[in-house]
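Just so you know, the numbering used here puts 749 at position 541 of the sequence shown, and the rest follows in order with no gaps.
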Amino acid sequence: NLKIERPAGYPLFEEYEGLDSEYNARLAVKGNPNLANVVMVMVGVRNPDKDDNVFDSDDDGLDKCSVVWVNEMRLADFNQKGGWAVTAQMNAKLADLGNVSVAANMSTPGFGGLEQRIQERQRETIQAIDASGTLQLGKLLPKKLGVTLPMYLGYSKEVSTPQFDPLSPDIEMAEQQGLSEERQNNAQTVNQLKSINFSNIKIDPQFGSGGSRDRNRDRGGAGAGGRRGDGKGGKDGGKDSGALDSNVDMGSARGGGSARGGGSARGGGAGRGGGGSGFGLLKLFDPGNFSANFSYIEAFNRDVNTEYQINREFRGGLNYNFSHSPKNFMPFKKIGFIRKVEALKWLSDFNFYLFPKQFTVGTQMNRIYETSRVRNNTEELLGIETDLLINTQVMKTWQWSRNYALKYDLTKALKFDYNGQAQALVGEPAGEINREDADAFQAYKDSVLINLQNAGEITTYNHNVTGTYKLPFDKLPLVNFISSDIRYQGSYRWDRAPFSQDSLGATIQNSRNLSLNAQANFANLYKKIPGVKDLLNPPRRAPTRNDIRNEDRDGFGNAEEEEKIKLKINPLATLVRLIASVQNVSGTFSRNEGMLLPGYDRSARFVGMDEQLLAPGALFVLGHQNTNWQGEQVRYFATEAAEKGWLVELPLQNQQYNQTYQEQFNVRANLEPIKHLKIELTANRNISQNYTSFFRFDEEQNDFVYDSPNETGQFSATVMSWNTAFVEDDVEDEFNSQLWDDFIKTHRILVSERLNAVTYQLDEPENTGYYEGFGGTSQDVTIPAFVAAYLGIDPNEVPLDVFNTPVAPNWRVSYDGLTKNEFFKQ
């Protein structure tokens, strides 16, 4: 209570005294102590001076002898007053226009669950309101306009008034005397949120009684009046719908026919929708292709330590999506003699598309502007006034993202996809935006406008290019049992250096993936060979009366027991089945390569290249690597980029240059030489390599160098060790392994000789029998020698490059015919 009695504005660094008349005790407080933070209590005994003893006027001034016993401290007078809470909610549905909901709640100190202890109960008065509404504003406009305008509105506010003063947590706000209204408001915690959101805004006008213009046009059907290709016009819609058709498709007449009601005339053919094959301007600039969105969110917060924190977020976007079903042209399809000849199917099915299938462009902006200021509580905490200047903190960010997509089917078998995305920052002048200062605000707008005109500062750009082609084996009569497709995917990425470290340059990387899938279904091939199908699947002969012997008949001529017909073995059918045991063969091949180069000193403007469209080159942005299609090294892009001045000359460049290479090859074959006996053959070969180094400028050499190069890799392949699998160890020679002896004593020397012959070509080996540079422990020697010894390959013919190790299949045999056998059935 002494803190409560202390006058407002009393210096906190001076001791404030008081007397407790009930216990005849002197009390004092200094500073702003908080009983909630007490961790230690000191008990002392003092015999005050006679002249200064304000508690006893009859003090004799003599020494005293006493016993002081401190047993324990305990709390008393617990506040067991509970709190209460109330909530209300309302929902209103505005027909098909939308709905509105409002909710409010309030709770007081002491409110909580039955299982909560006193110290866990609520210690503030909370008042909150939440209102939101969703409206389809397009319903207020004529339906023919086709306007889609969904709007969401939201508002919420929560005010928390503490029971105890946040600056003096052991004193209740209601007990303090003389607190100003401003001081009481400052103790509150207020959270307020406002939002408005428009999503998927579209305008798709509707014309005529035929419904959506897009639906009619995409179907390629007639308009509101007449049938497609019909020689008669509609009674009502023929003239009207045809009149609008003149501008739908480029190059089309009002109806396309010579007669007003005949063929594709004004009322006949392709009413408003057209034939669907054109690439008309009306389709290209159809309002339905556009969509937009916008949202604004404002969050306001304040509490005892924060004077205000206002966060405003603006989001907006515009998207264009053109989807089309272009007409497929087959120029040779209707030529009679080509269509009838099976061998010319590849020519009759030749096709192409003139226009893309889909084109998408989108732009999105996200701007955040936040201001905040810390509250000056020095006077309240220390009791002294200060002229402390607290600046407003400002946080601004303006992100601009752009995305592009193109899908173009050149033919039914050849397809092309492109997806790109750019991220940019729009620069703003530093500091708070002051709209009251006309000159400063105009300078701010001019600066932002210039940045917008320059499309912002690009921080990241990336794209993916994909091409797929289905090989035309199905068009060729002799190989139409084969299906195969090839796929190429290239990617490119450009990342700007941090704004605080522009001298490091950007980082560029690309990758490419080439994959080939093939499958041969030989069962379909066998069906097309005359006579083979009947031999592989002979027709079943129904039993006749002659199949029943006379001795098995009773006296009335009826069969008593039928004897099973013995199957006759056809040697030709057996031979054909063995030859045609291969049922299915499939294989996949893929190669993945990538490159990362730091220190790039060029921008990314058009499809990731600089303003002159020179760097880093069209091949690089399409995924081209340092190797050709055969995997052979044909170029050094990093060196070329350095020679052309595309890299920063920074000796302290500490980001690694990186190259990756992966190759996978898998083959699977299924054989069935006899019924129920299945053989599965699988073969695979996997290679992975990773090269890293620091490619940077060396001032001493005045050139770029590869520092600290490091190359690692892995290789695996299926092999066949059948030739050496049953070689026994020599029992008489302490189970000595002949294969090991071949590897140690002979194969390594022979491999060393071969390596010397293709490299140094020295005349004489060293005393160990190995040639210089190719000793017995060199991996270039030991690996080929080991492969030759344990796979049974001649050491003079084994590949010296381990990556050329011959691949052999693994096999798995299964037989499920035992259950068909009478013996095993029993």
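Using N, Cα and C, we set each Cβ at its ideal position, and we do this for glycine too.
message: Can you find the residues in the same chain that come closer than 6 Å, C-beta to C-beta, to Ala731, ignoring five residues on each side of it along the sequence?
response: Gln791
message: With H, G and I counted as helix, E and B as strand and the rest as coil, what does DSSP make of Gly713?
response: coil
- request: In the DSSP assignment, find the alpha helix (DSSP H) that holds Arg547 and state where it starts and stops.
  value: Gly544 to Lys548
- request: On a CA-only basis, which of Val275, Met281, Asp264 and Ile337 is nearest Thr295? Give me that one, please.
  value: Ile337
query: Nearest-angstrom Cα distance between Gly675 and Gly921?
result: 29 Å
query: Under a Cβ-count criterion, where at least 16 other Cβ atoms within 10 Å of its own Cβ denotes burial, should Met203 be classed as buried or exposed?
result: Outside the displayed span of the chain (209 to 1034) sits residue 203, for which this structure offers no information.
query: Does the beta-carbon of Asn975 have 16 or more other beta-carbons within 10 angstroms, so that it is buried, or is it exposed?
result: exposed
query: Does the distance from the CB of His938 to the CB of Asn944 come in under 9 Å?
result: At residue 938 the sequence reads Asp, which differs from the His that was named. In this structure, Asn944 lies closer than 9 Å to Asp938 by Cβ.
field: Nearest residue (CA-CA) to Ser711, options Gly496, Asp494, Pro241 and Leu858
entry: Leu858
message: Counting C-beta neighbours from all protein chains within 10 Å, is the total for Leu783 16 or more, i.e. buried, or is it exposed?
response: exposed
message: Determine whether the beta carbon atoms of Val1006 and Val989 lie at a separation below 9 Å.
response: no
- request: Out of Leu210, Gly983 and Ala651, state which residue places its alpha-carbon closest to the alpha-carbon of Glu640.
  value: Ala651
message: Taking DSSP's pairing of strands, which residues face Glu578 in a bridge?
response: Asn519 and Met603
task: Put His532 into one of helix, strand or coil per three-state DSSP.
output: coil
message: Check for me: the alpha helix (DSSP H) holding Leu827 runs from which residue to which?
response: Ala826 to Val829
field: Contained beta strand (DSSP E) runs [length at least 3] in the stretch 223–275, N- to C-terminal order
entry: 224–228 and 233–237
field: Beta bridge counterpart(s) of Asp703 as assigned by DSSP
entry: Thr668 and Thr715
message: What does DSSP give as the partner residue(s) for Asp911 in the beta ladder?
response: Asp906
query: Do Glu332 and Gln371 come within 9 Å of each other at the CB atom, strictly closer than that value?
result: yes
message: How far does the alpha helix (DSSP H) with Thr926 in it extend, from its first residue to its last?
response: Unbroken run through Thr926: none, as it is neither H nor E.
Residue(s) in a DSSP beta bridge with Ala630: Arg610 and Tyr669
message: Pull the bridge partners of Lys380 from the DSSP assignment, please.
response: The sequence given here has Glu at residue 380, not Lys. Looking at the DSSP assignment, Glu380 forms a beta bridge with Phe372.
task: May I ask which residues mark the beginning and end of the beta strand (DSSP E) holding Asp988?
output: Taken as a continuous stretch (DSSP letters only), Asp988 belongs to no beta strand (DSSP E), being part of the alpha helix (DSSP H) at Gln987 to Leu999.
message: As a quick exercise: from Ser376, Ala339 and Lys1028, pick the residue whose alpha carbon is nearest that of Leu589.
response: Ser376
task: Return the first residue and the last residue of the alpha helix (DSSP H) that Asn585 is part of.
output: Counting along the chain, Asn585 falls outside any alpha helix (DSSP H), and DSSP gives it neither H nor E.
- request: Give the single residue among Asn721, Ala621 and Ile666 whose Cα lies nearest to the Cα of Ile680.
  value: At residue 680 the sequence reads Pro, which differs from the Ile that was named. Measuring from the Cα of Pro680, the nearest candidate turns out to be Ala621.
query: Sorted by chain position, which residues of the same chain lie with C-beta nearer than 6 Å to Lys301's C-beta, five sequence neighbours on each side aside?
result: Asn307
query: When you compare only the Cα positions, how much space is there between Leu614 and Ser723?
result: 22 Å
field: Nearest candidate by alpha-carbon position, reference Asp915, set Ala303, Glu888 and Gln863
entry: Gln863
Gly482 (DSSP reduced to helix, strand or coil): Reliability fails at Gly482, whose pLDDT of 39 lies under 50, so the model's placement of it is uncertain and no value is given.
- prompt: Helix or strand or just coil, what does DSSP make of Arg421?
  reply: Model confidence at Arg421 stands at a pLDDT of 45, short of 50, so the residue's coordinates are unreliable and nothing is read from them.
query: In angstroms, rounded to a whole number, what distance separates the CA positions of Thr847 and Phe1011?
result: 27 Å
query: Does the separation of the CB atoms of Asn836 and Tyr844 fall below 9 Å?
result: no
task: Take Asn255 as the anchor and find which of Val247, Met248, Val249 and Asp264 has the nearest alpha-carbon.
output: Asp264
- request: Would you mind reading off the limits of the beta strand (DSSP E) that contains Asp338?
  value: Glu332 to Gln344
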